[in-house]
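Peer 1: I'd like to ask you about the structure that follows.
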Amino acid sequence: MFIVFLIFLPISLFSWDLQKEAIFKSTNNPNFVVIQVDGEVLDFSTNYNFGELSKKEVLNWKSGRKGSFVFDSKEGSFFLDSETGKALFLFGNLKSHPIDTVSNACVNRDGSTSGIVDCGRETLKLWDSYLNTVSQKLSSRLPERQQKLLDVSQKAWIDFRDKKIKYLQNYYNRSGTIWQIILLENIVEVTKKRTIELESFLGF
Numbered sequence: 001m002f003i004v005f006l007i008f009l010p011i012s013l014f015s016w017d018l019q020k021e022a023i024f025k026s027t028n029n030p031n032f033v034v035i036q037v038d039g040e041v042l043d044f045s046t047n048y049n050f051g052e053l054s055k056k057e058v059l060n061w062k063s064g065r066k067g068s069f070v071f072d073s074k075e076g077s078f079f080l081d082s083e084t085g086k087a088l089f090l091f092g093n094l095k096s097h098p099i100d101t102v103s104n105a106c107v108n109r110d111g112s113t114s115g116i117v118d119c120g121r122e123t124l125k126l127w128d129s130y131l132n133t134v135s136q137k138l139s140s141r142l143p144e145r146q147q148k149l150l151d152v153s154q155k156a157w158i159d160f161r162d163k164k165i166k167y168l169q170n171y172y173n174r175s176g177t178i179w180q181i182i183l184l185e186n187i188v189e190v191t192k193k194r195t196i197e198l199e200s201f202l203g204f
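Spelled out as structure tokens, the structure:
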């Protein structure tokens, strides 16, 4: 389940990590919109929050309305409406996460061992950045007591992550670039798992 918030974003202010053509398909009711990305039809919740757009405007959108599916590690995922320049923010897990898509495209451009290592490092940066984004968005929606609990939880996770990375670095301290790739994949997975865990709470 996804929660979608519509806000105005000046396009010129952002450089996206990922952008794909997308098509608005329908509104099942005021709380749901259907969007097609790469041939995949996705059903999102609006949570009745239309931001800069009125509910009436969204309900009057015609099937085939063009836009873009956009991801930025500092903002998140959203459908950017071509006509109005306003965005439907998507909170929650996608079947194929945008960062995975960016990472796979990077490896496809340069599949050499050194290229894969560089892609792994860039992927880790994206997950680190997006983890901060998700954590901040989640915290802003919580009452003060739950904010403090989230902060305690996140600090405990960071301690766990640092210790696990130290262990992984020691375990994979072997000659050969292939071990750098395996090490990076394991480190990325630690941060990715935590990010998706927190991201899932944004869907409620």
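Take the sequence shown: its letter number 202 is residue 202 in this note's numbering, and every next letter is one higher.
From the three backbone atoms N, C-alpha and C, an ideal C-beta is built for every residue, glycine too.
Within 10 Å of its beta-carbon, does leucine 6 have 16 or more other beta-carbons around it, so buried, or fewer, so exposed?
Peer 2: Low per-residue confidence applies at leucine 6: pLDDT is 45, beneath 50, and the placement is therefore not dependable, though the value from the model is reported in the following sentence. Answer is buried; the Cβ neighbour count reaches 16.
Peer 1: Taking the beta strand (DSSP E) that serine 77 belongs to, which residues open and close that run?
Peer 2: 76 to 81
Peer 1: Rounded to whole angstroms, what's the CA-CA distance from isoleucine 196 to tryptophan 61? Just pull it up for me.
Peer 2: 31 angstroms
Peer 1: Just verifying my parser: in three-state terms, what is the DSSP assignment at threonine 191?
Peer 2: helix
Peer 1: For isoleucine 116, is the classification buried or exposed, using 16 other Cβ atoms within 10 angstroms of its Cβ as the cut-off for buried?
Peer 2: buried
Peer 1: In its own chain, which residues sit with a C-beta less than 8 angstroms from the C-beta of isoleucine 11, not counting the 5 before and 5 after it?
Peer 2: Note that isoleucine 11 has pLDDT 44, beneath the 50 cutoff, so the model's placement of it is unreliable and the number below is only indicative. Correct list, in chain order: Leu80, Gly85.
Peer 1: To the nearest angstrom, how far is the alpha carbon of leucine 124 from that of serine 54?
Peer 2: 38 angstroms
Peer 1: Which of the three DSSP states, helix, strand or coil, is assigned to glycine 64?
Peer 2: coil
Peer 1: What does DSSP give as the partner residues of glutamate 199 in its beta bridges?
Peer 2: Glutamate 199 pairs with nothing; no bridge assigned.
Peer 1: Are there 16 or more other CB atoms within 10 angstroms of the CB of lysine 155, so buried, or fewer, so exposed?
Peer 2: exposed
Peer 1: Where does aspartate 151 fall in DSSP's three states?
Peer 2: helix
Peer 1: Could you give the DSSP three-state label for aspartate 38: helix, strand or coil?
Peer 2: coil
Peer 1: Going along the chain, which residues of its own chain have a beta-carbon closer than 8 angstroms to the beta-carbon of threonine 113, five neighbours each way excluded?
Peer 2: Thr177, Ile178, Ile181
Peer 1: Which whole-angstrom value is the C-beta distance of threonine 133 and glycine 76, which I expect to be below 8 angstroms?
Peer 2: 6 angstroms
Peer 1: Is lysine 95 helix, strand or coil by DSSP?
Peer 2: Here DSSP, grouped into helix, strand and coil, assigns lysine 95 to coil.
Peer 1: In terms of alpha-carbon separation, which member of Ser200, Asn170, Gln36, Phe160 lies closest to valine 190?
Peer 2: The option with the nearest alpha carbon to valine 190 is Phe160.
Peer 1: With C-beta atoms as the reference, is aspartate 17 less than 7 angstroms away from aspartate 72?
Peer 2: Yes, Cβ-Cβ distance for aspartate 17 and aspartate 72 is below 7 angstroms.
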